[in-house]
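Asks:
4 protein chains.
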Amino acid sequence: MALRTPEEYRKSLRDGRRIYMLGEKVADVTAHPLLKVAVETVAQDFALTESNDPEIRNLFVFPDNETGEPISRFFKTPENTADLEKRSEMIARSIRLTGGLPFGKDVGTDCLNAVMVVADQMGNEEYKERAKNYLRFIRKNDSAMCGAVTDAKGDRSKPPSKQAHPDYYLHVVDKQKDGIVVKGCKMHITSGPVANEIIVTPTRQMREDEGDYAVSFAIPANAEGITMICRPGRGEQTPYEFPSGAPVRTLSEAMVVFDNVFVPWERVFMCGEWQFSMLLAYTFASFHRFTAISYKIPIVELIAGCGVAMAESNGLEKAGHIRGKLAQMAAYVETLKALTRAAARDPIMYGGIAMPNPLVANMAKLHFASGYHNFIQLVQDVSGGIITTFPTYEDWNNPDTRGFMEHYLGGSDKFTTEERLRLIQQTHRWTASAEHAHMEVTTVHAEGSMEAQKMMILLEAPLSEYANLAKQMAGISG
Amino acid sequence: MALRTPEEYRKSLRDGRRIYMLGEKVADVTAHPLLKVAVETVAQDFALTESNDPEIRNLFVFPDNETGEPISRFFKTPENTADLEKRSEMIARSIRLTGGLPFGKDVGTDCLNAVMVVADQMGNEEYKERAKNYLRFIRKNDSAMCGAVTDAKGDRSKPPSKQAHPDYYLHVVDKQKDGIVVKGCKMHITSGPVANEIIVTPTRQMREDEGDYAVSFAIPANAEGITMICRPGRGEQTPYEFPSGAPVRTLSEAMVVFDNVFVPWERVFMCGEWQFSMLLAYTFASFHRFTAISYKIPIVELIAGCGVAMAESNGLEKAGHIRGKLAQMAAYVETLKALTRAAARDPIMYGGIAMPNPLVANMAKLHFASGYHNFIQLVQDVSGGIITTFPTYEDWNNPDTRGFMEHYLGGSDKFTTEERLRLIQQTHRWTASAEHAHMEVTTVHAEGSMEAQKMMILLEAPLSEYANLAKQMAGISG
Amino acid sequence: MALRTPEEYRKSLRDGRRIYMLGEKVADVTAHPLLKVAVETVAQDFALTESNDPEIRNLFVFPDNETGEPISRFFKTPENTADLEKRSEMIARSIRLTGGLPFGKDVGTDCLNAVMVVADQMGNEEYKERAKNYLRFIRKNDSAMCGAVTDAKGDRSKPPSKQAHPDYYLHVVDKQKDGIVVKGCKMHITSGPVANEIIVTPTRQMREDEGDYAVSFAIPANAEGITMICRPGRGEQTPYEFPSGAPVRTLSEAMVVFDNVFVPWERVFMCGEWQFSMLLAYTFASFHRFTAISYKIPIVELIAGCGVAMAESNGLEKAGHIRGKLAQMAAYVETLKALTRAAARDPIMYGGIAMPNPLVANMAKLHFASGYHNFIQLVQDVSGGIITTFPTYEDWNNPDTRGFMEHYLGGSDKFTTEERLRLIQQTHRWTASAEHAHMEVTTVHAEGSMEAQKMMILLEAPLSEYANLAKQMAGISG
Amino acid sequence: MALRTPEEYRKSLRDGRRIYMLGEKVADVTAHPLLKVAVETVAQDFALTESNDPEIRNLFVFPDNETGEPISRFFKTPENTADLEKRSEMIARSIRLTGGLPFGKDVGTDCLNAVMVVADQMGNEEYKERAKNYLRFIRKNDSAMCGAVTDAKGDRSKPPSKQAHPDYYLHVVDKQKDGIVVKGCKMHITSGPVANEIIVTPTRQMREDEGDYAVSFAIPANAEGITMICRPGRGEQTPYEFPSGAPVRTLSEAMVVFDNVFVPWERVFMCGEWQFSMLLAYTFASFHRFTAISYKIPIVELIAGCGVAMAESNGLEKAGHIRGKLAQMAAYVETLKALTRAAARDPIMYGGIAMPNPLVANMAKLHFASGYHNFIQLVQDVSGGIITTFPTYEDWNNPDTRGFMEHYLGGSDKFTTEERLRLIQQTHRWTASAEHAHMEVTTVHAEGSMEAQKMMILLEAPLSEYANLAKQMAGISG
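Protein chains in written order, with my numbering: chain A, 20 to 497; chain B, 20 to 497; chain C, 20 to 497; chain D, 20 to 497.
1. Kindly indicate the opening and closing residues of the alpha helix (DSSP H) around B/Ser-389.
2. Applying the criterion that 16 or more other CB atoms from any shown protein chain within 10 Å of the CB defines a buried residue, is D/Met-368 buried or exposed?
3. Any idea what DSSP makes of C/Ser-296, helix, strand or coil?
4. Tell me whether D/Lys-177 sits in a helix, a strand or coil according to DSSP, three-state version.
5. Report buried or exposed for D/Gln-195, applying the criterion of at least 16 other Cβ atoms within 10 angstroms of its Cβ.
6. Enumerated in chain order, which unbroken segments of the alpha helix (DSSP H) with a length of 4 residues or greater are wholly contained in the stretch 31 to 79 of chain B?
7. Taking all protein chains shown into account, do 16 or more other C-beta atoms lie within 10 angstroms of the C-beta of A/His-184, making it buried, or fewer, making it exposed?
8. Starting from D/Val-126, trace the alpha helix (DSSP H) both ways and give me its first and last residue.
9. What would DSSP say about A/Met-458, mapped onto helix, strand or coil?
10. According to the Cβ coordinates, are D/Lys-473 and A/Ala-346 closer than 8 Å?
11. State the Cα-Cα distance for the pair D/Ile-218 and C/Val-460, rounded to the nearest angstrom.
12. Since D/Asn-152 is in the alpha helix (DSSP H), which residue starts that stretch and which ends it?
13. Residues in the same chain with beta-carbon distance under 6 Å from A/Phe-498, minus the five sequence neighbours each way, listed in chain order, please.
14. Going by DSSP, which residues form a beta bridge with A/Ile-443?
15. Per DSSP, which residues does D/Tyr-314 bridge with? Please list them.
16. Could you say which of A/Glu-216, A/Ala-167, A/Ser-210 and A/Glu-229 lies nearest to A/Val-191 if we only look at CA atoms?
17. Looking at C-alpha atoms only, which residue of A/Arg-37, A/Val-58, A/Arg-286 and A/Val-201 is the closest neighbour of A/Leu-131?
18. Identify the continuous alpha helix (DSSP H) that holds A/Val-168 and give its terminal residues.
19. Note down, in chain order, every chain A residue with its Cβ under 9 Å from the Cβ of C/His-340.
20. At a CB-CB cut-off below 9 Å, which residues of chain D make contact with C/Thr-117?
21. Nearest-angstrom Cα distance between D/Lys-105 and D/Pro-97?
22. Determine the burial state of C/Leu-478: buried for a count of at least 16 other Cβ atoms within 10 Å of its Cβ, exposed for fewer.
23. Just the chain C side, please: which residues come within less than 9 Å of B/Tyr-301 by C-beta, in chain order?
24. Which bits of chain D does A/Asn-279 rub up against, with CB to CB less than 8 Å?
25. With H, G and I counted as helix, E and B as strand and the rest as coil, what does DSSP make of B/Pro-258?
26. Are the Cβ atoms of A/Phe-500 and B/Thr-411 separated by less than 8 Å?
27. At the level of alpha carbons, what is the spacing between B/Ile-476 and C/Val-327?
28. Check whether the stretch 205 to 213 of chain B and the stretch 44 to 62 of chain B touch, using three or more Cβ-Cβ pairs below 8 Å as the test.
29. In the DSSP assignment, the beta strand (DSSP E) including A/Phe-288 goes from what residue to what residue?
30. Could you give the residue range of the beta strand (DSSP E) that holds C/Pro-212?
31. At 8 Å on the CB atoms, spell out the chain D contacts of C/Asn-417, in chain order.
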């Protein structure tokens, strides 16, 4: 099969999976008014790989080195800077081309790449072989995947083994001849409801007495014992929104409950090796923060663009204080871009696999996350209060009110009033809506909190080399 | 009448006013599914003045100095620090008592107080008498008022007289024997759709050739020629939200179109005195920023409280980095409170009227607005990603999923899982919802942008005294 | 005696005290080329109390409530807001009048006020009486005092009792019939070398097994066993500096070694009451941070003034980005002033003694310290690189070079070139010199580090009230 | 000659140059107590090129492509990323190897590279040839060079032609058969007093009527009519400083007066082409900001190292809030490094010359400059107040006081007290001394102010591409 069509993808989701939304069991995710938006968003990934535009196709498709068949480039294990750069470009382009992130293979392959690195570092040939076979499997099936990492965690001041019950972190409850049985719950799982496969890794370092929590595996999303509970997100374009240039794209998130789920041994990639749990968590984090900064680029470009265009539509793009704010916005966006490129250019090699530079990738993520709220403040500031008080498209379509809107809501003569209102609608969407609020929180928490990034920066930055320079200047030995 | 009941207030809104929402003319604002939330919010103001609790009644009611009748304290023209402190406390308390801001008399009296100051500064006895009479009128009718200040503005790089059409700023189009006729549109008018009276003042300094734009007046909200176009805001509690401890309170905003509206002379407070337009705009700003910082206090206390309680419910309130963030949150909130008190304590006296200290009030507003996004980031950070991904109350009420939620969404044992989820719901509301997004933008733009505050700080701060100190130390004459 | 003259003060310092500077024992601090600058600075305190200007005299002098004699207002134990405001004003005025801070009685009385509060809280009549007698003593002798609080501390991760030796924190080594013997070293003691009296309090909370470290007392600066080691600071005006409008004023700091120093019981204010060590440290901190914010005000006004005047001398005071920076500078300065006033207005009363509001005083100090570097950056930015590269006054006085300087170093025609250079000299002094660098570090560390302020903010801010608001909105009980 | 020895360099400076310092004419810069420190600093450049260590030699020396002779790598016109990386590494290494920046060829070649780019862009073969010949000349003579760019500027609100006199910007006063005569003054010229050659370029865009100000040329430092007035900087190690591991290195700055200086035509690279003045200024800025960020790297590493080592010596490197600050310090340093690498990797090619990426170089400089004061605050914070109050080395050497210092100034047992004091001395030097204060101001102003960087970011960042993304999403045409 190798490359699937959007329709094949849709069909594959009608597989008996157990999904809940707003208190009801979802019969068919592809038909659910909210979830189908997420389905169509991920379906774009399959649309892109069947593009007729050779440049796009070359970016999103590559020939399987074993079979020669065309497969999704997400399934290419990165071997060098060029592979990382292509992956980053593919992620960013997919947003620019479709208006949203078809998050169907990103996180899952971040997990799988980390699994491969750790299997190699363990020197465990069995795990290496299983991971390789699993890669063959998803290549062959062109699987949509999600990664399930964050546990429920309970009381955050306590380790897994000291919680009120043992299930706050996912763990092995039974080892059988053919496989293991796991129990637990993974939180905030992006694209879980619309994935074919779930790949699970530990969320943190485990200790010697927490071997059962050091577990990694892959499983189909419709496996018995799996229940997903979703939160409603952005739905389709409404009649009161001014039209936009592209359909609404959005992601779905879910808490994914594993209620005594059986996993066959051939899909188990870690089981008890607690000493490697932190390496797996950190390696995943490096791959995934690189994914994160790659997909954030077109988003912050778009948001900055709302600010630039709103300043123009207000006639203020030459005002001194506005220019100062535009410069700050640009510096925020372009620093993110430069750091993302730098993370690809200085990878760490692990047995033939190129991991994005963890120090640079974490700094880039920290730059993004710590500066985002200030960036948004700048865009809101240059745009004006109108982005949260403008009348709706239905008022525009009502002859009683359209004239007033036409007369009073104009700005610079570079834009018609309707163009300005459409721009206001976009700026509202990205900086003043429920979607924006959701994005603000995920900026802080998705792909690891800022504290997680600081922890990795402390580990990766050459602090002792700095200290040695100081000691050398002080004429003292280290 | 003097003090009205909530029901009298509701009834007064069924007055033929011309309101549009989502493309439809609203027949009765008190019955409209969205607008009635705003109606009920403002109705709280009338409930508070009929409170049986003497402490509350003493705060919200005071005896009219002319008639001896009990009237709303909002109608007390401030004469000293104590009056300003009471006004500030009344505003803050109304939120703490009702769960929202009954914004029925705040902005309107800010406008009227400014009108009185400027009439006095002009030395115009006629205007002074009209303002006094209008005060008597609103006292007697216990009117809900809105203030209408911000114009449509068109191309912001151009003054009123250079715009594509003359109506981007509200102006006098005719002067008649009995009154004036005005045309224009005021934007972002909070509580416009649920007010009895609209009081209008200029938004900026006008120049000599812009005398027609230097106009201030009061008018009933249902006057002929007035059309309001609303944007849908927060509605009532939904079935998918975890219950809260108080009904939803919210404000409504509207663009208010004045389409050749007649205003009788006895309601005109400025007409052509362009030299005083800036004084009126600035005096209003000082009163209104004081109102703003007063009502922001309980809101940021509540939001900080979400952060504190979420940290507890996560079991993290003792963690070093969390404590550092809680200290920053507290410093943000308490600095706002200390500056608000300081603004009341050093008022500027204008002919018997106490205006909140403009330098301190503007700094307090700038502190609030410039630090808000960072404050929110701290609260989101200590709360966790769950505030934007948690399942809904309907899932909690579904037996299929409740057990999983109960089992996996617990935290510290100081809270039951349901309590934690209710807390998450509140934290979502204030930091991760459409309401939050709206509040973020209004933080930047409502009551004047940060640039407006900087401009007033430059005017009010003793920069030349600083320079004189430097020159004196340098041994040079000023 | 009650009020001394500057000359009496100078004479009192020739008392055999044991002071070291640059490797040499100082024979007479009043004659030492560096230390005499500090002597003359503190001597200003005595000049101010003998001022003929009634307004100044009324500010700096007050009648002893017991003797009726005129004494320094520093010796007035604050009983209310007015006392605190006067104290604050006196501190700020002393800098404006003399060009520097005559730090002769500020810290010492901060210590003594804290000692009095704690004696009262302990309910220890003996200590109360001793403190009262000591107050009589310093009033009568018009003593210059320093406060000695910060210990050497050794390894900061360890408490006093776990250090490599017992002396890293000052402690009682012997209790005798007539008094105690103490050993230790107090660090960074401002005005130690030019004080008559030293008053010692603990730097932190002590634990049950650290009773010997819970010690507070007063002692003359020339007592046997005391050695002070100074660091060279700013000396007198040099020939290469452009003249200034006032003599150089500066403070001296020293490490003060207590090498088995005997203290008579009548000067001991705490000895073993470890439970009250934290209260003493915190009460001192509240008084002292209020002193700190009071004396910082005229300094930051002066520095801001350098920026304002430099912007003028560069012809740039109207440029948009410069105005934005001036507004930020003004907001920094005026927020400090407003918070300082607020700390005086809401004091905490302890048995008749008014302690500045600890929450507000700590926020003010944190505002000052956390924003100072940014404030300096703004001033440096608006001033230009010339403040660190300008030729010297000696070049100005050399006919070979003066013409070039006159021709090329002019700016706006509001200033002569010489005036501009004098202004540059002042701006250099306050933002680009060794003095500035010293001040930057003391901003961070003097009167407690920012972590100390955050700790007190966490203790004093109503975090649980915030949380209760959130819980109430969530409909859950505390 | 091609490569000179340090002694040949020193000798070349005894050439009759006209230098003033502290009001006196300097007879011999190599013998002057202050200037010789700068001489010896630059002499390190010549020591490095004669290194016997092949790795160092390969870095600092390369074979002249025309003569095959070994020459300084600074004279290699960059043709690609590798050349830029080598140049950056050479600059950073020179500090790490010598303890300071031997600023002998950096700025001068930044100017010359910009001259070459602009000659090419003008399509002016004569200028191209002259620049090439000048490159041959400095290669052959191994010249120490300075770049002279910043003018005196007078009233900054006025262009060159509107100043009080015509000389506030350097300009051509006469064009003769053999050359031109120029008049003016260049400010803050680093290494001017110790350079062999001065290369001059315009500091800003010139207008059509300012052709005489659009002038660029090279001239020996001892040319007739040139006078330099220096400001005293850091001198040699003093007896009161604890010893350091390397001699003091420092730079000298001067105002350089051109008093009717004759420049032969073969050294003139621009004369009247005002249309290209901005291109020259901006191209220089791109090269020079790359130099700046390259040399800042080892400096901020060293300063961060002081913080890391001080935290260790205080026993606090594991404390939560200290770790948070170390992470921020590391992120600051490593972001600078990553952006510097990125600026080299995406150069802009101009006729065979690789210019560092102007957007990235400017963002890196802005990152450095805007964050420096905060970075210093962090280092001061983790180091403690001792860095500005510690007794001197002379006290350490005095037996009366050494014992006290030994006993009380210890910290963590990882360091002896003397080691801790040496470390404190270094930390003082880099964060609490006159040198630090100077560096703080040069951070803001050297290599262009932050406003200059923002201006270039606005020019270089794809703002209109951002806006197009927004317009595309809004469904409107650009």
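Note that the Cβ used here is the ideal one computed from N, Cα and C, for glycine as well.
Replies: According to the structure shown:
1. Element bounds for B/Ser-389: 377 to 402.
2. Exposed, because fewer than 16 other Cβ atoms sit within 10 Å of the Cβ of D/Met-368.
3. helix
4. coil
5. exposed
6. Runs of the alpha helix (DSSP H) inside the stretch 31 to 79 of chain B: 54 to 68 and 73 to 79.
7. exposed
8. If you look at D/Val-126, you'll find it in the alpha helix (DSSP H) that goes 125 to 141.
9. Note: A/Met-458 maps to helix in three-state DSSP.
10. Yes.
11. Cα to Cα, D/Ile-218 sits roughly 39 Å from C/Val-460.
12. 144 to 160
13. This structure cannot settle anything about residue 498 of chain A, because the visible part of chain A is limited to 20 through 497.
14. According to DSSP, which records beta bridges pairwise, A/Ile-443 is partnered with nothing at all.
15. For D/Tyr-314, which the question treats as bridged, DSSP gives no partner whatsoever.
16. Per the Cα distances, A/Glu-229.
17. A/Arg-286
18. Looking at the DSSP string, A/Val-168 is not in any alpha helix (DSSP H), and its letter there is neither H nor E.
19. Gly-339, His-340, Arg-342 and Gly-343
20. Near C/Thr-117 there are no residues of chain D at all, since even the closest Cβ is about 23 Å away, more than 9 Å.
21. Approximately 9 Å, taken between the alpha carbons.
22. exposed
23. Those do not exist, as B/Tyr-301 stays about 15 Å from chain C at its closest Cβ, beyond 9 Å.
24. Under the 8 Å cutoff, chain D gives no residues; its nearest Cβ is about 39 Å from A/Asn-279.
25. coil
26. There is simply no residue 500 of chain A to check, as chain A begins at 20 and stops at 497 in what is shown.
27. 14 Å
28. yes
29. 287 to 290
30. Run containing C/Pro-212: none; DSSP gives neither H nor E here.
31. What C/Asn-417 touches in chain D: Tyr-39, Gly-42 and Glu-43.
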